[in-house]
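Report on one structure; see the data block that follows.
Numbering (our numbering), first residue to last: 272 to 315.
Have a look at this one:
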């Protein structure tokens with residue numbers, strides 16, 4: 272993976288959940304993150 276350890280993975284999901292309004296806070300699913308990014312990009 273792109274990160275060196277669990278702390279970086281945790282940070283990725285924490286930052287994603289804080290910056291993407293359609294993503295639940297405890298989400299740890301890459302597909303959900305990328306779907307939320309796509310929705311934000313389309314301004315849906």
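The C-beta atom is built at its ideal place from N, Cα and C for all residues, glycine as well. Note that the coordinates shown come from a computational prediction; the quantities given were computed from them, not determined experimentally.
Could you give the residue range of the alpha helix (DSSP H) that holds residue i?
i	result
residue 282	277-290
residue 297	Residue 297 -> no alpha helix (DSSP H), and no H or E assigned at all.
Is it right to say residue i is buried, meaning 16 or more other beta carbons lie within 10 angstroms of its own, or is it exposed?
i	result
residue 294	buried
Is it true that the CB of residue j sits closer than 7 Å to the CB of residue i?
i	j	result
residue 307	residue 291	yes
residue 283	residue 299	no
residue 327	residue 288	What is shown of the chain runs 272 to 315, which leaves residue 327 out entirely.
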